[in-house]
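The block underneath contains the structure these notes are about, expressed in structure tokens.
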Amino acid sequence: MVEIFLLLVFLIILIFIFFIYKKQITYFFIKICNILFTKRKDIIKKTNIYKEFNKKNKILLFFI
7 MVEIFLLLVF
17 LIILIFIFFI
27 YKKQITYFFI
37 KICNILFTKR
47 KDIIKKTNIY
57 KEFNKKNKIL
67 LFFI
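In our numbering, the protein residues as written are 7 to 70.
This is the structure in structure tokens:
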């Protein structure tokens, strides 16, 4: 019984870490896109990529 409880706690912690990691990756990705597109002055492309990114990762962006 104790082993099962410990396993559940461990899994919850892993999921939590995974979400934090995902959040950082998304933030990093958006930041890189912003830097790239502001250097090239492609405002239209930047917004289009951001919209596409929003569609694909609505749940993920919710955690940010």
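Glycine included, C-beta positions come from ideal geometry on N, C-alpha and C.
Could you tell me the alpha carbon to alpha carbon distance between residue i and residue j, rounded to whole angstroms?
i, j, result
"V15", "F35", "30 angstroms"
"L17", "Q30", "20 angstroms"
"M7", "Y27", "31 angstroms"
"I23", "L12", "17 angstroms"
"Y33", "C39", "10 angstroms"
"K37", "F25", "18 angstroms"
"I41", "I10", "47 angstroms"
Buried or exposed, going by whether 16 or more other CB atoms sit within 10 Å of the CB of residue i?
i, result
"F69", "Low confidence applies to F69: its pLDDT is 46, below 50, so where it sits in the model is not reliable, and the reading given next is rough at best. Exposed, since its Cβ has fewer than 16 Cβ neighbours within 10 Å."
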